[in-house]
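These protein sequence lines are chains W and G, in that order. Per the working numbering, the very first residue in the first sequence carries number 34; after that it's consecutive. Per the working numbering, the very first residue in the second sequence carries number -17; after that it's consecutive. Structure first, commentary second.
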Amino acid sequence: MNLQLTQDGRLRHLLTLDGLPRAILTQILDTAESFMDVGEREVKKVPLLRGKSIFNLFFEPSTRTRTTFEIAAKRLSADVVNLNIATSSQTKGEAILDTVDNLSAMHADMFIVRHSQSGAAHFIARHVAPHISVVNAGDGRHAHPTQGLLDMFTIRRFKGAFHNLTVAIVGDVLHSRVARSQIHALTTLGVPEVRVIGPKTLLPTGVEQLGVKVFHDMEAGLAGCDVVIMLRLQNERMKGALLPSAQEYFKFFGLTQEKLALAKPDAIVMHPGPMNRGVEIDSEVADGPQSVILPQVTYGITVRMAVMALLAGTGNT
Amino acid sequence: MHASLPEADTLIERLAEAIAPTLTPDTLIVGIHTGGAWVAGRLHALLHCTTPLGTLDISFYRDDFSRIGLHPQVKPSNLPFDLEERAILLVDDVLHSGRTVRAAMNELFDYGRPASIRLAVLVDRGGHELPIRPDFAGLTLAVPGHQNINLSRLDDGHLTLSLA
């Protein structure tokens, strides 16, 4: 049984984009589109989730994701409570479920969960009462579905459609939950060519099985692309054996204006943030005319509004 | 029963005639998706309005959201004007319970504070559940609760009313 969908095929939880049908992805993107004007009105709110309580349950630090979830919930008129729960090595399943039970006793309607362990959101979703929905806001290396959705929304807004695109995902795919969600969404939405570009040490083995083309040479991989998605290189991994140095990484896999010129002239550049300027992306590109990195942040709000509205409206409350 | 219903176009013309003497040059016409937006478009043309036409999708303001969820095809509201201190003519196809109109008024107030709102409907079918009455109605017809009165648009743009 699919934990994410109700028996009649509606969204029940949002845990991963893997296995979600195209119709649901499209419904989320269309709903997000209809929320676009709310942020520009006199009253930047709609009363859809009035009286609902949404708990931001962040076991791992985050600024952008937590803030955009909070703004999204507030624009829907929900009450939002932010909990930043520092992860200690002692945080085990029992403790998480105790937290969830306590918050459920405070009449929570939805949990937004970020956790450093893969599967944490699934674990909570299996445990909660039937009227509570769970949204995965990033779990370990596994998935970050709302980031994947906001990236799809950005691509659709700038490129209009998916069926004629070549999309490259560049960098540390190995450690990236964002990349996994993007790959699932891009293939489900019918992008004919998805490429991953990176050094062998930062690409997961068997990544081809997800339906992507692998490139270790960035120049070859960027040729003819419509969309270039840069991934964040976590500085802490630089010290390990995976990479020689930030300078060398930038030389081979950093996006500069010269390398970007190999993609299509109207290619857009995306990055989920936070950026390491001068490591995976040159400032000239990040702030340049082809960058849509800031629109991604804005769209993150409307896409998260859409997800919460669809979940809350599934009708089991 | 279809034969007994008047032509939608006739009703729209009747509405336009009733509205015309009361229309000020600054009046903004706003139609409620989907049927109300069609009627509003016709009225806008018949009344030679020079102000932009507005449309509202009230899906985010419905009072039955937690029971039936989000409408599968929500369209963005489009109010290409500042409605602060303006006269609004709100247009819908069928007035029944009045809940749609209430939702529409709530949404309008989130865009600003209009000077006034008047309501024009193609058909007032009765069965009101709220103290909401039309200022203009093309047709007043008591329709039993188990029946539905519907406005639909053919491919050529022709509007037709049906009772089922």
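All residues carry an ideal CB built from backbone N, CA and C; glycine is no exception.
Looking at the structure shown, is Lys149/G part of a helix, part of a strand, or coil, going by DSSP?
Because chain G here runs from -17 to 146, residue 149/G falls outside it and cannot be looked at.
Quick check on Phe195/W: does DSSP put it in helix, strand or coil?
coil
In three-state terms, what does DSSP make of Ser98/G?
strand
Between Leu82/W and Pro225/W, what straight-line distance do the alpha-carbon atoms span, to the nearest angstrom?
37 Å
Whose C-beta lies closer than 8 Å to the C-beta of Asp45/G among residues of the same chain, with five residues either side of it excluded?
Arg81, Arg84, Ala85
Whole-angstrom distance between Ile61/W and Val260/W, CA atom to CA atom
21 Å
What would DSSP say about Ala253/W, mapped onto helix, strand or coil?
helix
Beta carbon proximity, Gln123/W to chain G, threshold 8 Å
Here the model assigns Gln123/W a pLDDT of 47, short of 50, so the residue's position is not dependable, and the following value carries that caveat. Not an interface residue.
CA-CA distance, Ala154/W and Asp172/W?
7 Å
Does the distance from the CB of Gly257/W to the CB of Thr199/W come in under 8 Å?
yes
Compare the C-beta of Gly42/W with all C-beta atoms of chain G and state if any pair is closer than 8 Å.
no
In whole angstroms, what separates the C-alpha of Asp27/W from that of Lys292/W?
This structure cannot speak to residue 27/W, because chain W is shown only from 34 to 350.
Other residues of its chain near Glu241/W: CB distance less than 7 Å, five sequence neighbours each side excluded
Val247
When DSSP builds the beta bridges, which residues end up paired with Asn115/W?
Asn89/W
Tell me Arg135/G's beta-bridge partners as DSSP assigns them.
Leu141/G
Partners in chain G for Leu343/W, counting only beta-carbon separations shorter than 7 Å:
Leu52
Tell me whether Glu226/W sits in a helix, a strand or coil according to DSSP, three-state version.
strand
Could you give the first and the last residue of the continuous beta strand (DSSP E) run that contains Met143/W?
143 to 148
Give the straight-line distance between the Cα atoms of Val203/W and Tyr282/W, rounded to the nearest whole angstrom.
12 Å
Chain G contacts made by the segment 220 to 250 of chain W, where a contact means CB separation under 8 Å
none
For Glu(-5)/G, tell me which candidate among Thr9/G, Ala27/G, His128/G has the shortest Cα-Cα distance.
Ala27/G
What are the boundary residues of the beta strand (DSSP E) that Lys77/W is part of?
Lys77/W -> no beta strand (DSSP E), and no H or E assigned at all.
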